[in-house]
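Engineer: Counted the way my numbering counts, the sequence shown spans residues 21 to 335.
Backbone N, C-alpha and C fix where the C-beta goes; we use that ideal spot for every residue, glycine too.
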Amino acid sequence: MSIVSCAATAAVPAAAPRFAGLRRVAGPAALNRDVEQPSAVTLQVSGRSNSRASRRCVATMAGTGRFVVGGNWKCNGNTASIQKLVQDLNAGEITADVEVICAPPMIYLPRVQSTLDRKYQLSAQNCWVGEGGAFTGEVAAEMLADNNIPWVILGHSERRALLGESDEFIGQKVAYAISKGLSVMACIGETLEERERGDTLNVCRRQLQAIVNCISPADWAKVVIAYEPVWAIGTGKVATPVEAQETHAGIRKYMAEAVSPAVASAVRIQYGGSVNAGNCEELARCEDIDGFLVGGASLDGAAFVTICNSARFNN
Ligand code: PGA
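#1: How about A181 and Q145: do their beta carbons lie closer than 7 Å?
#2: Quick one: residues in its chain with C-beta nearer than 8 Å to the C-beta of C95, no 5 flanking neighbours on either side, listed in chain order?
#3: Any chance you could list the beta strand (DSSP E) runs of at least 3 consecutive residues sitting entirely within the stretch 217 to 280, in chain order?
#4: Taking the alpha carbon of R272 as the point to measure from, which residue in Y247, N110 and A322 has its own alpha carbon closest?
#5: From what residue to what residue does the beta strand (DSSP E) around L142 run?
#6: Tell me whether R75 sits in a helix, a strand or coil according to DSSP, three-state version.
#7: Can you name the residues that DSSP bridges to N92?
#8: With H, G and I counted as helix, E and B as strand and the rest as coil, what does DSSP make of C207?
#9: Would a C-beta distance cut-off of 7 Å place S134 and P170 closer than the cut-off?
#10: Please work out which residues of its chain come closer than 6 Å, Cβ to Cβ, to T326, disregarding the five sequence neighbours upstream and downstream, and give them in chain order.
#11: Is the beta carbon of L313 within less than 6 Å of some heavy atom of the ligand PGA?
#12: Quick one: residues in its chain with C-beta nearer than 7 Å to the C-beta of A264, no 5 flanking neighbours on either side, listed in chain order?
#13: Whose C-alpha, out of E113, V223, C207 and A278, is nearest the C-alpha of S236?
#14: Determine the closest residue to G256 out of V295, A165, G321 and R179, with distance taken between C-alpha atoms.
#15: Can you check DSSP and say which residues form a bridge with L174?
#16: Kindly indicate which three-state DSSP category V194 falls into: helix, strand or coil?
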């Protein structure tokens, strides 16, 4: 079986460069001053028509830097309900400031691909850790690429908890998916017990470190980090904007130390966990929230469109 092997130990620089952890501070001056630039990537300072990016002086890699919203349909729906959802999504008007990615259950992907408007991209909810072969029930990254599915969600807490996927396994999956040309929404997040112990950022760092160990700095242009506190997923209990912003800033700070300030500045961090049409605006206003990964509310076309359009509050 061909899988991507990862460095056993982390490549964390001994002395972290100057970086305040928040995206807005990493402007052109920061780039010139202290960035160890990934060699394979051309860094540009955004002066593009994307107003959000230029306002923030974001150093971009290959990513668009736009607000990014994923709809994780999980294991829900049938032919009739998915047809209705697609109709509702197609009827929705989506602001140009957002990149939207829908992740239907695997068996419905081809049907959705042929009926969903092109303003939405598509994602799978999982793929195998290596090359296809005798792995019953799995789908290989190359099969997704072969079917023009550009994204995959990896490391979701439901797969970590219910299927025993380890940090290392997820790191390998991310690396293999990227090696086949896919982009990845990589999920991390703490349980309630871990939060109450004060371990939120330790858990996020550990989960990210396993990915850092497996991919190059340039590969982060293909990754969106989805911070999803497990206690907020499907519970109706959403992190407050202060809690979410604090963790997002901590994640960005970690990325600056573990990879580089340029990658930390460019990487988009989604919040996930009971996002809905009512709470999306105040979360979208948070400085380090660059999008959402939405479960339950993504099954309601109108609600999901509202969530996508909350991108306009992210300035
Ligand atoms: P939720 O799920 O929006 O239903 O909480 C989020 C997710 O699991 O991605």
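Structural biologist: Short version:
#1: No.
#2: P125
#3: Taking only runs of at least 3 residues, the beta strand (DSSP E) segments lying wholly in the stretch 217 to 280 are 243 to 247.
#4: Y247
#5: Y140 to A144
#6: Per-residue confidence for R75 stands at a pLDDT of 37, beneath the threshold of 50, marking its modelled position as unreliable; the derived number appears in the next sentence. Residue state, collapsed to three classes: helix.
#7: A123
#8: strand
#9: no
#10: Excluding sequence positions up to five before and after T326, its CB lies within less than 6 Å of the CB of A297, all in the same chain and listed in chain order.
#11: yes
#12: Y291, L303, C306 and I309
#13: A278
#14: V295
#15: Partner(s): A206.
#16: Under the three-state reduction of DSSP output, V194 falls in the helix class.
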